[in-house]
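Student: The sequence shown begins at 808 in the working numbering and counts up one residue at a time. The C-beta atom is built at its ideal place from N, Cα and C for all residues, glycine as well. The structure that follows is given in the form of C-alpha cells.
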Amino acid sequence: MTTTDPAQIDRPEDDRLISIRGATLAYPTASGEPVQALDPIDLDVAKQAFVSLVGPSGCGKSTLLKILAGLLRQSKGDVTLSGTPLSGPSPHVGVVFQQPVLLPWLTILNNVLLPIRVQKRDVDQYRERARELLSMVGLDGFESRYPSELSGGMQQRVGIVRALVPDPEILLMDEPFGALDALTREQLNDDLQTIWAEQRKTVFFITHSIPEAVYLSDRVLVMSERPGRIVGDFTVDLPRRRTLDDVATPAFAELTSQIRHLLNAKGGID
Ligand SMILES: Nc1ncnc2c1ncn2[C@@H]1O[C@H](COP(=O)(O)OP(=O)(O)OP(=O)(O)O)[C@@H](O)[C@H]1O
Ligand SMILES: [Mg+2]
C-alpha cells in the first residue's frame, strides 16, 4: 500500500480509459462572482479499475463526476474517454446517484429498460440481460412489481441495474449507498463487488465512508477542500474477493488510518 503524488503515477498509455488533464470548473452565480469548484485536475483511470473518491463535503466530488457523465463541461482542460474528447452524455457511461429516482408508474423491468428505450435501441434484445442483472442483485420475482412495493435498498439495486442494462464501459456512482442503513449497505457493497467482478466495468465511486472506499477499490483518491484538487492517491492491494473479515485486518486498518489522516490534514471528511 502506497501513497503517491498523482502526477507521478506511471501507467501504461493504452491502459487508460478515462484521462483528465488540467480540468477546472467554475460555476457562474447570480452575484457575478463565480464559484471555483475544481482546481486543475489531472487523473488517469485504467480500464476495469475500481476507483473511489473521498473528500470534504462541498469540495467538488459530484462536480467531477458530472463532468465525467457529460452533464457539465469543464471550464478549462481536457477530458477524454478512450482518447475521444467527451462532448456530452455517452451510452458508454452509466450513472447511479444517491436516490434512484424510479418512475412510479412503470414496473421494475420497464424501469430498468428505460435507458434502452430512450437510446432507441431494440428493447427485445435487452430484456434477458435486464432479467439476469435483476437476478444477480437478488431481485428475481420482482420484475412485474412497482417501485413503491420495494424497500429503499431494493430500489437502489434497481437503480444500479438500470445503469448496467445498456452495458456501459464506465459506471459512475455518486454516494449510491449514502441513504441506506448499515446492514443494507454492506449487502450492496457485496453485490457491487460481484457486479464489478462479473461485468468487468470501470467504476468511479464517490463515498463519505473511508472503509467502504477501501473495501471496494483498487485506488482511493483524496480530494482537498474546495476548490477540489486530488491530494492523495492510495493503492489498495488487499486480495480479492474481499469479505467483511478483511475489514478487521491490520492492513485494512492501517490504510483507512492513512487516508483519514490525510483527509483531516486537508479539511476533514464532513
Ligand atoms: N450549480 C451550482 N452553482 C453554483 N455553485 C455550485 C453549483 N453546484 C455546486 N456548487 C458549489 O460547488 C462546490 C462543489 O459542489 P459539489 O456538489 O461538487 O461538492 P461535493 O464534494 O459533491 O459535496 P458533497 O460531499 O456534499 O456531495 C460547492 O461549494 C457547491 O456549493
Ligand atoms: Mg456530492
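Identify, in the order they occur along the chain, each residue of the same chain with its Cβ nearer than 8 Å to the Cβ of G884, setting aside the five sequence neighbours on each side.
Tutor: So the qualifying residues of the chain are I827, R828, G829, A830, T831, P847 and I848.
Student: Can you check whether the CB of V1043 is closer than 7 Å to the CB of S1024?
Tutor: yes
Student: Going along the chain, which residues of its own chain have a beta-carbon closer than 6 Å to the beta-carbon of S869, five neighbours each way excluded?
Tutor: The residues are D981.
Student: Where does the unbroken alpha helix (DSSP H) through S1016 begin, and where does it stop?
Tutor: Note, S1016: premise wrong, no alpha helix (DSSP H); not H, not E.
Student: Near K1073, which residues of its chain fall below 6 Å by C-beta distance, leaving aside the five closest residues on each side in sequence?
Tutor: S1031 and V1038
Student: Please classify E1019 as buried or exposed, where buried requires at least 16 neighbouring CB atoms within 10 angstroms.
Tutor: With 16 or more other Cβ atoms from the protein chains shown falling within 10 Å of its own Cβ, E1019 counts as buried.
Student: S859 and V1027: beta carbons closer than 7 Å?
Tutor: yes
Student: Mind checking which residues open and close the alpha helix (DSSP H) that includes V908?
Tutor: Counting along the chain, V908 falls outside any alpha helix (DSSP H), and DSSP gives it neither H nor E.
Student: Assign A1058 to one of three DSSP states: helix, strand, or coil.
Tutor: helix
Student: Quick check: what's the CA-CA separation for T1014 versus R928?
Tutor: Whole-angstrom Cα-Cα distance: 32 Å.
Student: Here's a check: name, in chain order, each residue in its chain whose Cβ is nearer than 8 Å to the Cβ of I1017, leaving out the five neighbours to either side.
Tutor: V861, V1027, T1063, I1066, R1067, L1070 and I1076
Student: In terms of residues, what are the limits of the beta strand (DSSP E) holding D849?
Tutor: V842 to A853
Student: Measuring from the CB of S951, is there a heavy atom of ligand 1 at a distance below 6 Å?
Tutor: No; taking the cut-off as 6 Å, the Cβ of S951 has no heavy atom of ligand 1 nearer than that.
Student: DSSP on L824, reduced to helix/strand/coil?
Tutor: strand
Student: What are the boundary residues of the beta strand (DSSP E) that includes L921?
Tutor: L921 -> not in any beta strand (DSSP E); alpha helix (DSSP H) instead, spanning L921 to V925.
Student: By Cβ distance, which residues of its chain are closer than 6 Å to A833, with the 5 residues on each side in sequence left out?
Tutor: These residues qualify, in order along the chain: P841, Q843 and S882.
Student: How big is the Cα-Cα spacing for G839 and L888?
Tutor: 33 Å
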